[in-house]
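First up is the structure itself, then whatever we jot down about it.
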Amino acid sequence: DAGITQSPRHKVTETGTPVTLRCHQTENHRYMYWYRQDPGHGLRLIHYSYGVKDTDKGEVSDGYSVSRSKTEDFLLTLESATSSQTSVYFCAISDPTGWNTEAFFGQGTRLTVV
Amino acid sequence: AQSVTQLDSQVPVFEEAPVELRCNYSSSVSVYLFWYVQYPNQGLQLLLKYLSGSTLVESINGFEAEFNKSQTSFHLRKPSVHISDTAEYFCAVKGSGNTGKLIFGQGTTLQVKP
Chain Y
37 DAGITQSPRH KVTETGTPVT LRCHQTENHR YMYWYRQDPG HGLRLIHYSY
87 GVKDTDKGEV SDGYSVSRSK TEDFLLTLES ATSSQTSVYF CAISDPTGWN
137 TEAFFGQGTR LTVV
Chain B
99 AQSVTQLDSQ VPVFEEAPVE LRCNYSSSVS VYLFWYVQYP NQGLQLLLKY
149 LSGSTLVESI NGFEAEFNKS QTSFHLRKPS VHISDTAEYF CAVKGSGNTG
199 KLIFGQGTTL QVKP
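Chains Y and B, in that order, are what the protein sequence lines are.
Residue numbers are given in my numbering: position 24 of the first sequence equals residue 60, and the series is strictly consecutive.
Residue numbers are given in my numbering: position 51 of the second sequence equals residue 149, and the series is strictly consecutive.
As structure tokens, then:
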């Protein structure tokens, strides 16, 4: 298994509170991603990073921010959690150079906003 | 814009029967296609991928998928399923550019019955 650790694995939080999810990798991959998984929608990209302090938005970025201060860590922050952000969040890593296009996924974080 | 459509949300099948999970894509650029599998309460694992060359690609556990450019399809098949194949299956296409972003279909739940 690729060395990807997400924390926490489960979290319940109240509406309006800030929440930070962490993704840590030991593979030294350049790219890191945050996806959310919702029934009927598959996985949708929230934000991604292509290097330290280099990030960009995905298709569902509203209400989320990210930071990457080290190659191995990629943080996802919900500034003020809403019930619509209840979801399962997956971190992924890849090094899309040449033919190597495979992404590796973490175990996921189940977030419930009440 | 690129998109992926998985035509069936759930596919029930009896053990040892054949199965086909359908996937159609829309892309105006060179196509890299993937099938991922997600077992309950786990992350996604790569099942197989098409990058170029032979249009028929195989996985180590008996699944195969065929890239059909004229029909813009990448259907997943297995001639004889096992109970252990029960999982959710996601079809994905690589996004434009060299960022490694993936665009996922909605997912298909394969339910193998004894």
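Where is the CB? At the ideal position from N, CA and C, for every residue including glycine.
Same chain, Cβ closer than 7 angstroms to residue i, neighbours up to 5 away in sequence not counted
i	result
Y:Val-149	Thr-49, Thr-51, Ala-117, Thr-118, Ser-119, Gln-121 and Thr-122
8 angstroms Cβ cutoff, residue i in contact with chain B
i	result
Y:Ser-130	yes
Y:His-60	no
Y:Tyr-100	no
Y:Glu-138	yes
Y:Phe-126	yes
Y:Gly-78	yes
Y:Gly-142	yes
Y:Leu-81	yes
Residues of its chain near residue i, where Cβ-Cβ distance is below 8 angstroms and the 5 sequence neighbours each way are ignored
i	result
Y:His-83	Tyr-69, Trp-70, Thr-91, Asp-92, Lys-93, Gly-94, Ser-97, Tyr-100, Ser-101, Val-102 and Leu-112
B:Ser-107	Gln-204, Gly-205, Thr-206 and Thr-207
Y:Pro-54	Thr-113, Leu-114, Glu-115, Ser-116 and Ala-117
B:Leu-149	Tyr-130
Cutoff 8 angstroms: residue i Cβ touching any chain Y Cβ
i	result
B:Leu-200	yes
B:Thr-153	no
B:Leu-105	no
B:Leu-174	no
B:Thr-197	yes
B:Leu-146	no
B:Gln-140	yes
B:Phe-188	yes
B:Gln-209	no
Segment limits, beta strand (DSSP E) that includes residue i
i	result
B:Lys-211	206–211
B:Ile-164	The sequence shown places Glu at residue 164 of chain B, rather than the Ile named in the question. B:Glu-164 -> beta strand (DSSP E) spans 162–166.
Y:His-60	55–61
Y:Leu-114	109–114
B:Ser-101	101–104
B:Tyr-148	142–148
Y:Ser-101	100–106
Backbone secondary structure at residue i - three-state DSSP
i	result
Y:Ser-119	helix
B:Ser-124	strand
Y:Asp-74	strand
B:Ser-182	helix
B:Pro-110	strand
B:Ile-158	coil
Cβ shell of residue i (< 6 angstroms), same chain only, five flanking positions each side left out
i	result
B:Lys-147	Phe-132
Y:Phe-141	Phe-126 and Ala-128
Y:Lys-47	Leu-147
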